[in-house]
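>
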Amino acid sequence: MAKESYLIVVCGIVRKNPGIIICQRKKKPYEGCWEFPGGKLEKEETKRQCLNRELFEELNIRVSIDRFLNVVSHNYNGINIHLFCYLCSYLRGNIRLTEHQSFEVIRYSECLRFKLLAGNVKIVRKLKLLKFIN
Numbered sequence: 014m015a016k017e018s019y020l021i022v023v024c025g026i027v028r029k030n031p032g033i034i035i036c037q038r039k040k041k042p043y044e045g046c047w048e049f050p051g052g053k054l055e056k057e058e059t060k061r062q063c064l065n066r067e068l069f070e071e072l073n074i075r076v077s078i079d080r081f082l083n084v085v086s087h088n089y090n091g092i093n094i095h096l097f098c099y100l101c102s103y104l105r106g107n108i109r110l111t112e113h114q115s116f117e118v119i120r121y122s123e124c125l126r127f128k129l130l131a132g133n134v135k136i137v138r139k140l141k142l143l144k145f146i147n
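Take 14 as the starting number for the sequence shown in this note's numbering and just add one per residue.
(1) Given a cut-off of 9 Å on the beta-carbon distance, is the pair residue 55 and residue 66 in contact?
(2) To which residues does DSSP link residue 103 through a beta bridge?
(3) How many angstroms separate the CA atom of residue 30 from the CA atom of residue 84?
(4) What separation, rounded to the nearest whole angstrom, lies between the Cα atoms of residue 80 and residue 23?
(5) For the alpha helix (DSSP H) that contains residue 140, what are its first and last residues?
(6) Within the chosen definition, does the region 102 to 112 reach the region 86 to 94 through at least 3 CB pairs nearer than 8 Å?
(7) Does residue 99 have its Cβ less than 9 Å from a Cβ in chain D?
(8) Could you please give the first and the last residue of the uninterrupted beta strand (DSSP E) stretch that includes residue 19?
(9) What number of angstroms, rounded off, separates the C-alpha of residue 35 from the C-alpha of residue 116?
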């Protein structure tokens, strides 16, 4: 039996007044789709370290990681992703995009109006935290 391969990915629902940050991908295969910012876990790195690193590398921001929210799994073209989601608060830094083509600060209740990646849609539907996050 083949060993199951998967990637651990961490994302943040980053609260920044008046809402939360979502980012639009510029790289294929999901170019133009929106996602919560984050990235892949590297060896010897905790999930919180990964999220802090990714948010700084990709958006030039520092955050407070307030709490773990949930984890979802999704298969993207044969690659199993385990997506760990954290609620974060923006602390500082002028947003400067390095991996995305654009970003928006939106109300959490508006998330499904955007073409989100499937794993992110699962997060939105699973959390049901509209009042908590907004």
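By construction, the Cβ of each residue, glycine as well, lies at the ideal position given by its N, Cα and C atoms.
Let's see:
(1) yes
(2) 76
(3) 25 Å
(4) 13 Å
(5) Note, residue 140: alpha helix (DSSP H), 131 to 140.
(6) These segments do not touch.
(7) No chain D is present in this structure, which holds just one protein chain.
(8) 19 to 29
(9) 6 Å
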